[in-house]
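Chains as they are written, first to last, in numbering that gives the first Met the number 0: chain Y, 0 to 99; chain A, 0 to 232. Backbone N, C-alpha and C define an ideal beta-carbon position, used for all residues, glycine too. The structure under discussion appears below in the form of structure tokens.
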Amino acid sequence: MKNDRWIWIGLAVALAVGAILSLAASSSPDGLERVAEDQGFLAKAARAPLLHSPLFGYLFPGIADDRLATGLAGFLGTLVLFALGCGVGWALRLGRRRGA
Amino acid sequence: MNNIFVLLEGENLHIPDGFLSAPVWVACGAVSAAAVAVATSRVGKDMEEKQVPLMGIVGAFIFAAQMVNFPIASGTSGHLGGGVLAALLLGPWAGTLIMTAVLVVQALLFQDGGITALGANVLNVGVLGCLLGFVAYRLLRRLLSGTRGALASAFITAWLIVVLSASLAAVQIALSGTVPLRLVLPAMAGIHALIGIGEGLVTTAALAFVLRVRKDLVYPLCLPYSRQVGEAA
Numbered sequence: 000m001k002n003d004r005w006i007w008i009g010l011a012v013a014l015a016v017g018a019i020l021s022l023a024a025s026s027s028p029d030g031l032e033r034v035a036e037d038q039g040f041l042a043k044a045a046r047a048p049l050l051h052s053p054l055f056g057y058l059f060p061g062i063a064d065d066r067l068a069t070g071l072a073g074f075l076g077t078l079v080l081f082a083l084g085c086g087v088g089w090a091l092r093l094g095r096r097r098g099a
Numbered sequence: 000m001n002n003i004f005v006l007l008e009g010e011n012l013h014i015p016d017g018f019l020s021a022p023v024w025v026a027c028g029a030v031s032a033a034a035v036a037v038a039t040s041r042v043g044k045d046m047e048e049k050q051v052p053l054m055g056i057v058g059a060f061i062f063a064a065q066m067v068n069f070p071i072a073s074g075t076s077g078h079l080g081g082g083v084l085a086a087l088l089l090g091p092w093a094g095t096l097i098m099t100a101v102l103v104v105q106a107l108l109f110q111d112g113g114i115t116a117l118g119a120n121v122l123n124v125g126v127l128g129c130l131l132g133f134v135a136y137r138l139l140r141r142l143l144s145g146t147r148g149a150l151a152s153a154f155i156t157a158w159l160i161v162v163l164s165a166s167l168a169a170v171q172i173a174l175s176g177t178v179p180l181r182l183v184l185p186a187m188a189g190i191h192a193l194i195g196i197g198e199g200l201v202t203t204a205a206l207a208f209v210l211r212v213r214k215d216l217v218y219p220l221c222l223p224y225s226r227q228v229g230e231a232a
């Protein structure tokens, strides 16, 4: 595609939101967490999580500085979604062309 | 504060493991799996080349924007869902697939949203937002024609979908026997009526921006509606 500048601008905006604007996020509980806390069922969530994710809590592991850890986790997650989204789109388009 | 709260603090919170009973999460998983299968088969056969990177950008932006919790009343925050925005740019089917991708990555890499609750989260945030959001937006857009009408439609739809998603989550949690519906439904709908304003603002701003700089990146069936010209406004 000739004019593909918008792709890189779009990705840059997403990365800026995920890696920088995310540092300004409110740390108050969100809607569901607030209701779960108020109504006393938040405790049900903590019993033995089925999986220990590498970027638990939106923090890049092994980094002492929380802001840096959050920024890196946001940057990485945003890139992963960009790659995955393009990958899904590419695979669907390939499938269509083959008449699948 | 107890340890549980500390564990969860600072995270976005989709439904975690433990809130839903097995029958409820299995049923939600089945519905979502069916929706994803239909979406995969229905993604436009005329999918254009530019839609491939657009799917990447929409997924990346919605993931990133979901990290930005904004404060609402009384020590509570909200964050974007993004289903309606995904549908406006990608259409209902590709939008559903991208929302599913966002929720899968959040559950696997970030432990945001439970593994067993993944189907319910996909149903509430992705499927409902993209499919019902698409239908509701298209209806409103015909009533409120023109660019302003499209923006107003996007705001109303985004608000409505957030309240409905939260209500659906409340029903799932209540059906699981976690907490009575008469308590959880008004609380979830009430808080999300506020959060929905944020969702509406972000969705409308994003649509206004794309309409202004690259109108061709908006899903054709979601462009502003003109009574004179009909569909292709």
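Can you tell me which of the three DSSP states residue i falls into?
i: residue 17(Y); result: helix
i: residue 175(A); result: coil
i: residue 26(Y); result: coil
i: residue 91(A); result: helix
i: residue 53(Y); result: coil
i: residue 6(A); result: With a pLDDT of 43 at residue 6(A), under the threshold of 50, the modelled position of that residue is not reliable, and the figure given next carries that caveat. It is helical.
i: residue 62(Y); result: coil
i: residue 95(Y); result: helix
i: residue 109(A); result: helix
So with Cβ pairs under 9 Å, would you call residue i a contact of chain Y?
i: residue 154(A); result: no
i: residue 213(A); result: yes
i: residue 76(A); result: yes
i: residue 96(A); result: yes
i: residue 163(A); result: no
i: residue 133(A); result: no
Does any CB atom of chain A fall closer than 9 Å to the CB of residue i?
i: residue 53(Y); result: yes
i: residue 62(Y); result: no
i: residue 97(Y); result: no
i: residue 0(Y); result: With a pLDDT of 49 at residue 0(Y), under the threshold of 50, the predicted position of this residue should be treated as unreliable, though the coordinate-derived value follows. Closer than 9 Å to some Cβ of chain A, the Cβ of residue 0(Y) qualifies, so yes.
i: residue 66(Y); result: no
With respect to the alpha helix (DSSP H) encompassing residue i, which residues constitute its N-terminal and C-terminal limits?
i: residue 194(A); result: 180-212
i: residue 61(A); result: 50-65
i: residue 76(A); result: No alpha helix (DSSP H) holds residue 76(A); the beta strand (DSSP E) holding it covers 75-77.
i: residue 133(A); result: 132-142
Return the first residue and the last residue of the beta strand (DSSP E) that residue i is part of.
i: residue 18(A); result: Here residue 18(A) belongs to no beta strand (DSSP E), and DSSP marks it neither H nor E.
Check the Cβ of residue i against every Cβ in chain A and list those closer than 9 Å, keeping chain order.
i: residue 70(Y); result: Correct list: empty, because the minimum Cβ distance to chain A is about 10 Å.
i: residue 59(Y); result: Those within 9 Å of residue 59(Y) in chain A number zero; the least Cβ separation is about 11 Å.
Using the beta-carbon of each residue, which ones in chain Y are nearer than 7 Å to residue i?
i: residue 69(A); result: 25
Using a cut-off of 9 Å between C-beta atoms, extract the partners of residue i located in chain Y.
i: residue 115(A); result: 49
Name the chain A residues that come within less than 8 Å of residue i, Cβ to Cβ?
i: residue 92(Y); result: 46, 48, 50 and 51
By the criterion of Cβ-Cβ separation under 8 Å, what are the contact partners of residue i in chain Y?
i: residue 168(A); result: 31
Note to self: Check whether the segment 127-136 of chain A and the segment 74-85 of chain A touch, using three or more Cβ-Cβ pairs below 8 Å as the test.
What the structure shows: The segment 127-136 of chain A, when compared against the segment 74-85 of chain A, does touch it at the 8 Å Cβ threshold.
Margin query: Across the segment 67-75 of chain Y and the segment 16-25 of chain A, are there enough close Cβ pairs to call them in contact, namely three or more that are closer than 8 Å?
Written below: No, the segment 67-75 of chain Y is not in contact with the segment 16-25 of chain A.
Check: For the segment 82-110 of chain A, which residues have a CB atom closer than 7 Å to at least one CB atom of chain B, in sequence order?
Finding: Reference to chain B is not applicable here, since the protein chains of this structure are Y and A.
Item checked: Meets three-Cβ-pair contact criterion under 8 Å: the segment 69-79 of chain A and the segment 95-115 of chain A -> Too few Cβ pairs lie closer than 8 Å, so no.
Notebook entry, point to check: Are at least three pairs of beta-carbons, each pair with one atom in the segment 207-225 of chain A and one in the segment 140-159 of chain A, less than 8 Å apart?
Noted result: Yes, since at least three Cβ pairs between the segment 207-225 of chain A and the segment 140-159 of chain A fall closer than 8 Å, the two stretches touch.
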